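Q: Structure in structure tokens, see below.
Numbering (the numbering used here), first residue to last: 110 to 636.
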């Protein structure tokens, strides 16, 4: 019968299948391999304390480190303070506290219940093999999102319900193989739709209904064709326990240059690097006590080391630069089928399949019909954005550089997903934070460096899974400390002396090499 969690998940899977495919499709476990395909996997390790399974949604922790389940942590455990001979430089401190360093997994926070084989989950219920979700229920084989219900095999979803195999969506309902859309419902095998409903095999549309291959149909005709395609899709799923993705369908289709009847005039935005350079220098001075020599790009490799990768390609229509980041499957989109967002929206309004093609569509041959439509955009812009340079997906942000998505933030560079942040550089998934470099998956940090999975911390360095920790370094799995190194408080004077040594070493190595070998993800590796 399985666990209580899986029994409930099965019922919600059955309900989602009936909504999307008009019938139940059987045991969700038989579809697990397909549902996890193209998602970021949950990594399972053995606890170094008990040998129990521990789930990790973050893959960056160095092999050879020690592992611990969140429910195994003794947050009140005390350690003796380090002596002065152990506090010479970063390596000596790391060596002295190595037995105290464990990376935490199976992290379940807040008001949560019936969560299994998952990590980085907060305020959620009935979650199986999932990671990086908050305020959700009834999810399985999915990664990254908030406020979702009854979704399976998804990646990067927000406020969505009854979705299967959907990616980078916001406020979607009853969607399957829906890629990068907002405020839409009842859509299948579509990309870049906004405020649409009842669409199949559609690309780059706004405010559209009852459309197949970008061709709007009478509601009755749309339902008839849709019912036929959904029946074929459900039959394939039952037989093979998988279905082709949108990318699979268009991947083998011959490519023709998209013709835009009226090429949109895009205003070239000239960026000003001066405020970005100045604010980065100021942040370094705050964190390290001294500004670093050179320009921010001199440190690009180091800043980008633990941040998701980005790349640029040329528009299939105009040859203009198109940028994309490696999240929510943007890297899976065919690079020879990319358009700027303005081009994609213009093309979506002008291109469509014929009525005859719509009548003759089958799941087996649909690629031939939609190949001429299947072009993708990796860009969007919401709200007012000022001095945004090489950031393809900004929302109400300013003075940011080579970051994506940048949401309600300013003074950010070389970062992934800063939200409501200021002065963050080389960071990954940061919320409500300021003056941080190399901080990851954390909330409400101020003036911090090399922090992972922390919240409500200030003026700290090299810490993991800490809460309400201030003026501290090399602390792991602790709460409510100040002037601490290695989970043991030293007192203000000794701590500040030790921090000064570490700051000088950081400035020296970065100034000479533009690199610092030790970071929060490898400091725990056992030699």
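Here a beta-carbon is modelled for each residue, glycine too, at the ideal position from N, C-alpha and C.
Computed from a prediction, not measured in an experiment: that's the story for all the values here.
In terms of residue numbering, what span does the beta strand (DSSP E) encompassing residue 222 cover?
A: Element bounds for residue 222: 222-225.
Q: How many Å lie between residue 635 and residue 169 at the Cα?
A: Approximately 15 Å between the Cα atoms of the pair.
Q: Just curious, the alpha helix (DSSP H) that residue 114 is in, first and last residue?
A: Residues 113-130.
Q: Considering residue 546, what are the terminal residues of the beta strand (DSSP E) in which it resides?
A: Run containing residue 546: 543-561, per the beta strand (DSSP E) assignment.
Q: Out of 573, 232, 383, state which residue places its alpha-carbon closest to the alpha-carbon of residue 587.
A: Taking only the C-alpha atoms, the option nearest residue 587 is 573.
Q: With which residues is residue 495 paired in a DSSP beta bridge?
A: In the DSSP output, where bridge partners are listed per residue, residue 495 has 507.
Q: By the DSSP assignment, the alpha helix (DSSP H) with residue 204 in it spans what residues?
A: Residue 204 -> alpha helix (DSSP H) spans 199-205.
Q: Answer yes or no: do residue 522 and residue 395 have a C-beta to C-beta separation smaller than 8 Å?
A: No; because the gap between Cβ atoms is not below 8 Å, this pair is not in contact.
Q: Can you check which of these residues, 330, 225, 221, 435, is closest to residue 265 by C-alpha distance?
A: Checking every option, the nearest Cα to that of residue 265 belongs to 435.
Q: Applying the 10 Å Cβ sphere with the 16-neighbour rule, what's the burial state of residue 252?
A: The residue is buried, with at least 16 neighbouring Cβ atoms inside 10 Å.
Q: Any beta-carbon of chain B closer than 8 Å to the one on residue 368?
A: Absent from the structure is chain B; it holds one protein chain and no more.
Q: Residue 313 and residue 478: beta carbons closer than 8 Å?
A: It is not a contact, given that the beta carbons lie outside the stated cut-off.
Q: Give me the residue from 192, 343, 575, 118 with the minimum Cα distance to residue 183.
A: It is 575 whose Cα lies nearest to the Cα of residue 183.
Q: Is the segment 618-630 touching the segment 551-561, taking contact as three or more C-beta pairs under 8 Å?
A: Yes, the segment 618-630 touches the segment 551-561.
Q: Does the ligand FMN have a heavy atom nearer than 7 Å to the CB of residue 297?
A: Ligands are entirely absent from the displayed structure, and the ligand FMN is therefore not among its contents.
Q: Mind checking residue 366: buried by the 16 CB within 10 Å criterion, or exposed?
A: Exposed.
Q: Taking the alpha carbon of residue 505 as the point to measure from, which residue in 485, 498, 494 has its own alpha carbon closest?
A: It is 494.
Q: Taking 8 Å as the threshold, find out whether the segment 233-252 comes into contact with the segment 141-154 through three or more Cβ pairs.
A: Touching, yes.
Q: Using the beta-carbon count (16 or more within 10 Å), is residue 605 buried or exposed?
A: Exposed: under 16 other Cβ atoms inside 10 Å.
Q: Could you give the C-beta distance for residue 229 and residue 166, rounded to a whole number, given that I count them as a contact under 8 Å?
A: Correct: roughly 4 Å between the Cβ atoms.
Q: Are the beta-carbon atoms belonging to residue 245 and residue 255 less than 8 Å from one another?
A: Yes, the pair counts as a contact, with Cβ atoms nearer than the cut-off.
Q: Quick one: residues in its chain with C-beta nearer than 6 Å to the C-beta of residue 570, no 5 flanking neighbours on either side, listed in chain order?
A: Cβ within range, chain order: 558, 559, 582.
Q: Consult DSSP for residue 159 and reduce its assignment to one of helix, strand or coil.
A: The answer is coil: DSSP assigns residue 159 none of H, G, I, E or B.
Q: Grouping DSSP H, G and I as helix and E and B as strand, with all else coil, what is residue 383?
A: Residue 383: helix per DSSP, three-state reduction.
Q: Can you tell me where the alpha helix (DSSP H) with residue 423 in it begins and where it stops?
A: Taken as a continuous stretch (DSSP letters only), residue 423 belongs to no alpha helix (DSSP H), being part of the beta strand (DSSP E) at 419-423.
Q: Going along the chain, which residues of its own chain have a beta-carbon closer than 8 Å to the beta-carbon of residue 114, five neighbours each way excluded?
A: Answer for residue 114: 223, 224, 225, 235, 236, 237, listed in chain order.
Q: Which class does residue 323 belong to by DSSP, given the choice of helix, strand or coil?
A: Coil at residue 323, not helix or strand.
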